[in-house]
Each structure stands twice: as structure tokens, then as C-alpha cells.
Amino acid sequence: MGRKLDPTRKEKRGPGRKARKQRGAEVELARFLPPGKSVPSGPGAAPRRPGPPDRRVSSRRAGARQEEALQSREKEAAGQTTRGRSGFSDGNSKWLAPAKAKKIQSKGNHVELSSDGEVEEGNWEVEEEEEDGSSDEMVDDYGASSSEEEELLPIEKAALKQNEDDSEEEEEEEEEEEEVAAEETSRQKMGQKEEENPDLQLNLDIDEQFKLPTNEEIEREDILFISDSLMVFLPAEPPDLHVVHQRIKGNMEVLQDFVVKREEGRTRQEYLALLRRDMAAYYSYSDFLLMKLMDIFPLPELINFLEANEVPRPVTIRTNTLKTRRRDLAQALINRGVNLDPLGKWSKTGLVIYDSSVPIGATPEYLAGHYMLQGASSLLPVMALAPQENERILDMCCAPGGKTSYIAQLMKNTGMILANDSNAERLRSVVGNLHRLGVTNAVVSNCDGRQFPKVCSCLIWSVLGGFDRVLLDAPCSGTGVISKDPAVKTNKDEKDILRCAHLQKELILSAIDSVNAASETGGYIVYCTCSIMVEENEWVVDYALKKRNVRLVATGLDFGKEGFTRFKDRRFHPSLKSTRRFYPHTHNMDGFFIAKFKKFSNAIPQAQKVATPSTVPDKIVEPPTKKKKLEGSKADKEQKLPQPALKKKYSLQAQRRPLKA
């Protein structure tokens, strides 16, 4: 059951073999030493390497200590006579008495005790204490004073040298850190000065003005590559973008105050040519597109537009109110780790997504049709259209179905929506989105929008009686969505712009012809593009105003810039002020153009029947009116009448005829 405890036996307790000695250990150590004996110190003490205790060494030390104790007693007896000879009296016995031992641990040594309480290693010094408790001098066991000039052991010297080296290295590191911090602060101050003073350029002197590079410098940057059928300028070496950017800034400053800062003998066209060349190199645009953009924007705004195209637009979603509310959807997405906010005061269904721990296009809410991934600018045309319940709506270019589903959402699945697109492959996404979002009032068709009034005239007018509203999101060059498709920077030219403009003119005439001007609640057409080119926007709208009986009305949007009423040498209708333009650098959404028409007559102006094939379709079919339906032809009426009625009719007509003489 175990050994019996002997209360009279007290085991020796002390610090363990590997315990770290703390201050005050000399008091505990004095218990294990003979009375009047202290730990030897100084050069005579032989240090021992720290390690596990050895019994043989401890036994040798015990015997040696006994011999030393006998010798010390003999010396003390003989010391009294020597002290008297040297002039010391017995009155100094108190001063000569062994002082209390106080442990002063040297830098290079540590004191450790073995299991039997012996000192394994250490350096002990004795401090003399006077009667009043003050200490003036350090003495050892034999009364010899220990001064700072006392010789140290080699290991202690090495330790002191190492500590000195370490302290020097630390001081050097601190000095280096201070120098680095001073350099950073000086750089920050220089950066603040540069921001405060925009005239300061990094590649120019402070007092030096911007100068145009010479022709030799320009030729040095470019080399001419000529092949059999192609002549291209290729750079001899990659341009330094930092230098190019600083040159753009300096050029902009000169152009803003050209009279004062221009270089003598230089024209404004030379500065503009250099600026266009540098911007093409820095932002990777074609020269044609930059020329178009420089005609649309002022120079400071142009830089902001180019910079905004380098940053993607924020991810936005539209709440499907056919299945949920925006508040409930936001709470559900927040619970899934989505960081979001309302899109803005102008939208009651939009949400902007900042970051998400789950894919936005694969959440259970998305698969259930609670929301649709849709850009903020794509919500604006439907808001301008303002569809009403139980109306007949035509979405002429509907793919991928975001605007169509938004129209159905505003109509609360009432009325009828004809979703048309000329690309059959893109209609698959339309059908999938309509099914997922729970749209039940839409009909999907695959038809060329330009031929829509011709092919579907019977369906539109005889069955439906024309559409109340039409939404035309026309195909365009995509210059407003460069952040999504950077290829637009270089793959568009003049022919592409004119081709899109011609197609848009044909589509807008077809859209106007599909609307019934006599609609009680409608008669509106909304034309929109994701382009900022004037040829695709204001020119097309002005052309429609001349060709059809329509007028421009307010879009109902509180923000956005007004459309152009004059551009270069062209003058447009003054009502184009009611159109709206949206830019990425001002509204943080894709570039967009929106115009809203009101049709006031179904008749086509007579002066516009003869049209050139380059501007309008070859033949526009005038939709039949209700008056023409009621009149009909006499042959049709006679076919509908029964045979007895016809005989009675002819007999009455014969009676009414006057007799010939």
C-alpha cells in the first residue's frame, strides 16, 4: 500500500537541477556551507562547465573542502600574530570579521546547485557591511579587496566582448532604422509638396517648363516597319510609362493655359498630337477612338473617363419582387457572408455587392429566382419606359432577359410582353431567366427587328391592335462598357461606328411603326444604347424626329447629363436636351444613352416616303388603321351577304334608277 511516512525525517528541499537562480539564492546557499566559509571567487576559483552532477567530483570536493577548512583554521590562529606585527590592534576585530555573504552574479557565470547542495559553478563576491548598514568596499573570504581592475577569466572576457559586440550591432541597427525613417519622412514631405504644387514634375526641374520632344527623340522611340501590304509603326523599345504619364500631365497643364505656358514657335495642334500619342501608349487606345473621345470630352474630363475605364464597375443585383422583398433578400445574403448596400435612392430594387464569401451567381436565393445579376445602368431604360399593368409591351432586342424580367416585375405578371431577339442562341438564356424568375406573361420570338412591322403586321394590328410601349436596346459599338470589354479600345474603327448607326436607324423606325399612337395609356418608345458615340445616339434620335410623327419627352430620371444639341459642325433638335447620358467617371456605372419618344400619329409624313437606301429601309409598310378596317371593299361585303338579300338589294337599286328617254 506504499511506504509509511516518517514525520521526523525531513528531506532536503531546494531548487531543482535545472532551475534558474533568482536573487536571494545566496541566503539559501549559505545554509549548506560550513560556518565562517563563503564561496571562493576571483582568479583562484576554478569554473566548471554546466552539466549533470558527478558523484566522484562531489566526493573529491567534499574532501578538499575539509582540508581547506583545517588549513583556514590554522591560518586564522597564525593570522592574529601577523596582524599585530603589521600594526593592527584587536580593536579592529569587528572590521576584520568575515562580512555577510551577498551574491553578485558576474556576466559570464551562473551558479547551480547539485542534488546534494554543492556549488557546481559560480562566482561569489562578498560585500562588506558596516555597522550602519552602508557598504564601501568589496572583500573576499580572506579580507582581500576586489577592485574593478581584478583580472577576469577568459570565458568572462569572451562573454563581455560578445556583449559589447552585440550592443554595438544593436546600436548600428537602431541608427540604420532611424536613417530609413528619416528618408521616408523626407519622401512624404516631398510628395506633399508635389501635391500642393502641381507644377513640380519628377522628370523636370522645378523652374523648367514643359517642352515638346524634338523630332529626333520621337523617331528614336518609334521605328517604321514596312511590309508588302502593311506599314506599321512599332516601338524600338517598351516606353517608360512613368515618363509618359508625367509628360501627359505636363502637356495638360500647358493646354489649360496655352497662351502663357506654351513654347514659342509651337502650335496647339502639335501639343494635341503629342497628347493623343502619349495617351494611346499609356492607356492602350487606338488613335481613331482617342480622336472621337477628345471631341466629346474636355481634356481634364477625358483623363477621368480613361482612368475610370481601367477600374471595373461595382457588382449590382436587382431584387425580383415577384418572389421576395429587398429587405428579406438583403438579410438572407448578409447571413451568407455578403457585404452589400442599397444601390441608391433612385432605385427601390437594386443592391450593390462589395464583397462576398460565396459566389453571387450560385446562391440558393439566386437559383430560386429571388434576384437577377444586372448592371445599374440596365435598370434605367425600364424605369424610363414606366410600363403599366395590363399593357402590351414589345422588347425588340431582349437578350439576355434582364430588362424583360424587370418589365414583367413592374407589370406584376399582367398584360403581355413580346420578347424578341434576332439571335436564336441568345434566346436560350432569355427562356432560362424567365423561367427562373417566375415570369408568366412573356412570349419569346425570334425575328429580325428591322422586318418586324412587315412580318408581324397582321398579328400586331389585327389581333393586338399595336403595342402600347416599345423598348429598343439597340446593338452598338460598346464604347460605354470598355471596363467589361477592353478589346473595344483597339478593334473599332469608323466603319464599325457607321455600320452600327445605320442598323440603329432602321431599328428605331421599326420600333416607332410598331406602337399604336391611339393607345390610352401608352404610345411611348424608349431608345437606349451602351455607347457614348454621338453618331449612335443623338444622330439617330434626330433622324427619327425627322422621319416619323414623334416627339421627345422627359425620361423621368432625376440624374444624368443632358444630350448634345450641337456637336462640332452639326446642329440637332433643341428637344434633345431631354435625353440623358451616363458616364462611368461621374455616375460609377457603364456608359449609357437614353431617349424617350411619344408617338402622336400613326401616319407617316408624306415628304418622307422617298428615302435613300443608306438611311432607311427600302419600303416601310404603313400599318392599317381602324377606319380602313371598317370601310373594306364592296366585293367583300357582297360575299358576306346571303343570296336573298343580294336579290332584294339589286331590285331596290333598279327601282331607284331613273328611266332613260
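Numbering (the working numbering), first residue to last: 57 to 717. Every residue gets a Cβ at the ideal spot worked out from N, C-alpha and C, and that includes glycine.
Residue i, enclosing beta strand (DSSP E) - first and last residue
i: LEU389; result: Segment 382–391 is the alpha helix (DSSP H) holding LEU389; no beta strand (DSSP E) there.
i: GLY458; result: Element bounds for GLY458: not the beta strand (DSSP E) but the alpha helix (DSSP H), 458–467.
i: VAL500; result: 498–501
i: ARG369; result: No beta strand (DSSP E) contains ARG369, which DSSP labels as neither H nor E.
N-terminal and C-terminal residue of the alpha helix (DSSP H) that residue i is part of
i: PRO356; result: 355–364
i: GLY534; result: Element bounds for GLY534: n/a, residue is neither H nor E.
i: PHE653; result: Counting along the chain, PHE653 falls outside any alpha helix (DSSP H), though it belongs to the beta strand (DSSP E) covering 648–655.
i: GLY400; result: Segment: none, GLY400 is in no alpha helix (DSSP H) and carries neither H nor E.
i: LEU490; result: 483–493
Euclidean distance between Cα positions of residue i and residue j
i: GLN444; j: SER461; result: 14 Å
i: GLU225; j: LEU297; result: 41 Å
i: ASP221; j: ALA238; result: 26 Å
i: GLY406; j: ARG382; result: 8 Å
i: VAL609; j: TYR338; result: 41 Å
i: SER433; j: ASN605; result: 29 Å
i: GLY321; j: ALA364; result: 35 Å
i: VAL526; j: GLY505; result: 12 Å
i: VAL310; j: VAL299; result: 17 Å
i: ILE160; j: GLU230; result: Only weak support is given to the placement of ILE160: the predicted model assigns it a pLDDT of 47, under 50, and the value that follows is read from those uncertain coordinates. Answer to the nearest angstrom: the Cα atoms are 31 Å apart.
i: ARG318; j: ASP351; result: 22 Å
i: SER403; j: PHE314; result: 44 Å
i: GLY522; j: VAL571; result: 6 Å
i: GLN465; j: ASN376; result: 7 Å
i: HIS301; j: ARG369; result: 24 Å
i: GLY393; j: ILE416; result: 11 Å
i: VAL424; j: LYS305; result: Looking at the sequence shown, residue 424 is not Val but Ala. Their backbone Cα atoms lie some 51 Å apart in a straight line.
i: ASP524; j: GLN662; result: 24 Å
i: LYS718; j: GLU618; result: Past the boundaries of the shown model lies residue 718; the chain is included only from 57 to 717, so the question cannot be answered.
i: PHE638; j: LEU268; result: 35 Å
i: PRO420; j: HIS426; result: 9 Å
i: VAL236; j: SER242; result: 10 Å
i: ALA567; j: PRO354; result: 34 Å
i: ARG374; j: ASN489; result: 13 Å
i: PHE653; j: SER539; result: 30 Å
i: GLU212; j: GLU227; result: 22 Å
i: GLY647; j: GLU234; result: 50 Å
i: LYS655; j: MET467; result: 22 Å
i: MET472; j: VAL537; result: 31 Å
Helix, strand or coil at residue i according to DSSP, with G and I counted as helix
i: CYS726; result: The structure shown has nothing for residue 726, since the chain only spans 57 to 717.
i: TYR341; result: coil
i: PHE508; result: helix
i: LYS267; result: coil
i: ASP334; result: helix
i: THR241; result: helix
i: MET472; result: strand
i: ARG555; result: helix
i: LEU311; result: helix
i: ASP529; result: strand
i: LEU378; result: coil
i: ILE304; result: helix
i: SER570; result: coil
i: ILE660; result: coil
i: ASP549; result: coil
i: VAL408; result: strand
i: VAL414; result: coil
i: LEU286; result: At LEU286 the pLDDT is 44, less than 50, meaning the model places this residue with poor confidence and gives no usable figure here.
Anticipated Cβ contact below 8 Å, residue i with residue j, distance rounded
i: CYS556; j: CYS532; result: 5 Å
i: LEU429; j: TYR410; result: About 15 Å separates the two Cβ atoms, so there is no contact after all.
i: ARG303; j: ASP334; result: 6 Å
i: LYS401; j: GLY494; result: Incorrect: roughly 27 Å between the Cβ atoms, too far for contact.
i: LEU563; j: MET452; result: 7 Å
i: PHE649; j: ILE588; result: 7 Å
i: PHE623; j: VAL590; result: 5 Å
i: ALA442; j: GLY616; result: Contact flag wrong, Cβ pair sits at about 16 Å.
i: LEU483; j: ASN502; result: 6 Å
i: LEU345; j: LYS545; result: 7 Å
i: ALA480; j: VAL500; result: Not a contact, Cβ separation roughly 10 Å.
Test: residue i CB closer than 8 Å to a CB of chain C
i: GLU421; result: The chain inventory of the structure shown lacks chain C, comprising one protein chain alone.
Taking only runs of the beta strand (DSSP E) that begin and end inside the region 418–463, which ones reach a length of at least 3 residues, in chain order? 427–429, 448–451
Would you list, in sequence order, the uninterrupted alpha helix (DSSP H) runs of no fewer than 4 residues that lie entirely inside the region 598–645? 640–643
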